[in-house]
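> Shown below is the structure under consideration.
Numbering (our numbering), first residue to last: 0 to 469.
What follows is the structure, encoded as structure tokens:
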């Protein structure tokens with residue numbers, strides 16, 4: 000942490016308005032070696048007095064905060080720098096100039112500037128009369144205030160900036176007098192827009208939760224939700240619950256949490272699971288739909304939880320978000336099988352298992368995931384396929400799903416897709432050690448950025464593993 004003498008190292012090069020407070024009130028002589036957490040310079044404002052100029056300055060700052068979110072976030076404070084008498088109303092023989100302090104939030108050293116009044120010919124003090132001397136020139140107060148910039152060491156998020164503005168702009172409104180549609184948008188915005196549901200410790204009751212409840216990764220920072228708005232009163236609580244149940248996406252980054260939520264007997268009173276977004280690994284997709292790879296690729300219907308998605312009658316939109324191979328960190332069934340068994344004797348004694356690849360072709364396994372999910376998601380009105388999915392695979396399944404839902408009441412399907420035939424073409428034909436080999440122009444696991452359109456070539460790709468090693 001910087002010592003005070005280091006923070007004052009370039010004192011002589013500072014603008015005079017930054018130097019002057021330290022000349023009026025210098026820090027203690029022994030504080031030079033004190034670190035920031037031990038001592039921070041603090042200017043002691045002059046005693047309070049009835050100063051019409053200071054009152055008008057503070058009023059002008061407040062008005063600027065009300066109209067400008069950026070200015071409100073500066074946190075500007077004004078005060079008298081000395082105990083000199085006010086310069087308004089003018090008194091014969093008194094000084095026409097007085098020094099005032101302007102201190103920004105998060106800035107250690109304030110500004111001290113001289114202020115004078117330009118005569119206007121009347122007895123009413125106006126803000127246009129107040130002029131500040133900066134750089135040897137006099138300028139209007141409003142022009143001087145525009146020179147301040149946000150200077151926090153840690154910039155707040157957009158939501159935090161807005162909250163600071165609301166706190167400082169002096170405005171208020173009756174929330175309950177707004178139209179219901181606008182109130183709902185405010186409720187959703189207050190809670191962050193996205194909900195990560197979970198169940199309580201008994202597994203019987205659904206809670207709103209937050210992302211940190213589902214992801215135990217120590218390498219990521221997750222913001223928890225602020226649910227204090229639910230504690231205002233019963234009426235607002237019901238409105239908020241209805242808004243977030245019907246108007247938000249329910250995100251799941253853990254497949255087992257989704258299963259627990261779908262099985263929970265006590266759920267919110269509304270048709271709350273209208274939109275679900277699944278951000279889970281390939282391994283969890285396989286587990287969700289009961290897919291096994293040992294000893295060969297097959298489906299165990301009793302282990303599948305896909306029927307919970309199919310039987311969720313309120314579900315109108317489902318997004319499947321596939322992680323990239325680099326994001327997955329080898330979280331795929333083949334890497335899992337190798338990790339669990341590579342130390343066992345039978346595995347070491349089998350050349351086929353010992354030499355198996357742990358990096359399946361992403362095009363193939365993503366195609367398989369959607370195939371295994373098809374009987375459970377085909378009746379959902381809107382299914383979105385996102386993330387690390389090849390463009391041709393995405394177009395293929397979007398066409399099949401759209402056509403199937405559009406003609407779901409017909410005895411035949413015009414898309415020509417035969418689910419049973421496609422399933423039988425892969426079931427039982429892939430042994431566990433026969434990891435789907437990647438035939439893409441650039442190998443799926445060799446790229447930092449996923450190649451959706453197969454436009455990259457491994458030999459020319461600058462972000463490939465080989466090129467980074469070379």
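The C-beta atom is built at its ideal place from N, Cα and C for all residues, glycine as well.
1. According to DSSP, residue 99 sits in a beta bridge with which residue or residues?
2. Rounded to whole angstroms, how far is the Cβ of residue 277 from the Cβ of residue 318, which I believe are closer than 8 Å?
3. Looking at the structure shown, is residue 218 part of a helix, part of a strand, or coil, going by DSSP?
4. Inspect the beta-carbon positions of residue 16 and residue 80 and report whether they are closer than 7 Å.
5. Is the distance from the Cβ of residue 158 to the Cβ of residue 260 below 7 Å?
6. Between which two residues does the alpha helix (DSSP H) carrying residue 165 extend?
7. Is the distance from the Cβ of residue 435 to the Cβ of residue 453 below 7 Å?
8. Judging by CA-CA distance, which residue of 138, 407, 337 is the nearest neighbour of residue 374?
9. If you reduce the DSSP assignment to three classes, tell me which class residue 67 lands in.
10. Could you pull out every residue in the same chain whose Cβ sits closer than 7 Å to the Cβ of residue 215, ignoring the five residues on either side in sequence?
11. I need the straight-line Cα distance from residue 77 to residue 18, nearest angstrom please.
12. Quick check on residue 193: does DSSP put it in helix, strand or coil?
13. For residue 243 versus residue 194, is the C-beta spacing smaller than 7 Å?
14. So within the region 331 to 356, which uninterrupted alpha helix (DSSP H) runs reach at least 4 residues, ignoring any that extend past its ends?
15. Can you tell me which of the three DSSP states residue 386 falls into?
16. What first and last residue would you give for the alpha helix (DSSP H) that runs through residue 375?
17. Going by other Cβ atoms of all chains shown within 10 Å of its Cβ, with 16 needed for buried, is residue 220 buried or exposed?
18. Going by C-alpha distance, which of 182, 4, 402 is nearest residue 38?
19. Could you name the residues of the same chain whose beta carbon sits closer than 6 Å to that of residue 270, not counting the 5 residues immediately before and after it, in chain order?
20. Report back the beta-carbon spacing between residue 108 and residue 35 to the nearest angstrom; my notes put them in contact at under 8 Å.
21. Of the residues 307, 308, 288, which one's Cα is nearest the Cα of residue 299?
22. Does the Cβ of residue 239 have 16 or more other Cβ atoms within 10 Å, making it buried, or fewer, making it exposed?
23. Can you give the beta carbon distance from residue 333 to residue 301, rounded, assuming they're within the 8 Å contact cut?
24. Out of curiosity, what's the CA-to-CA distance linking residue 340 and residue 162?
25. Taking the straight line between their C-alpha atoms, what separation do you get for residue 131 and residue 63?
26. My guess is that residue 537 and residue 265 are in contact by the Cβ rule of under 8 Å, so how many angstroms apart are they, rounded?
27. How about residue 320 and residue 385: do their beta carbons lie closer than 7 Å?
28. For residue 381 versus residue 283, is the C-beta spacing smaller than 7 Å?
29. State yes or no: is the C-beta of residue 369 within less than 7 Å of the C-beta of residue 396?
30. Can you name the start and end residues of the beta strand (DSSP E) that residue 442 belongs to?
31. Roughly how many angstroms separate the alpha carbons of residue 390 and residue 227, rounded to a whole number?
32. Tell me the rounded alpha-carbon separation between residue 296 and residue 444.
Inspection of the coordinates gives the following:
1. 79, 112
2. 7 Å
3. Unreliable placement is indicated for residue 218, whose pLDDT of 42 sits below 50; no coordinate value is reported for it.
4. The answer is no: Cβ separation not under 7 Å.
5. no
6. In the DSSP assignment, residue 165 falls within the unbroken alpha helix (DSSP H) covering 157 to 167.
7. A distance of 7 Å or more separates the beta carbons of residue 435 and residue 453.
8. 407
9. Coil at residue 67, not helix or strand.
10. The pLDDT assigned to residue 215 is 47, lower than 50, so where the model puts this residue is not dependable; a value taken from the coordinates is nonetheless given after this. Around residue 215: no qualifying Cβ.
11. 17 Å
12. strand
13. yes
14. 332 to 340, 344 to 347, 350 to 353
15. strand
16. 361 to 376
17. Caution is warranted here: a pLDDT of 45 is assigned to residue 220, below 50, making its placement in the model unreliable, and the coordinate value is therefore given only provisionally. That one is exposed.
18. 4
19. Contacts found: 313.
20. Not really, about 12 Å apart at Cβ, beyond 8 Å.
21. Cα-wise, what sits closest to residue 299 is 288.
22. buried
23. Contact doesn't hold; Cβ gap of about 23 Å is too wide.
24. 53 Å
25. 17 Å
26. In the structure as shown, the chain begins at 0 and stops at 469. Residue 537 is therefore absent and cannot be evaluated.
27. yes
28. Going by C-beta atoms, residue 381 is not nearer than 7 Å to residue 283.
29. Yes; because the gap between Cβ atoms is below 7 Å, this pair is in contact.
30. Run containing residue 442: none; DSSP gives neither H nor E here.
31. 43 Å
32. Approximately 22 Å between the Cα atoms of the pair.
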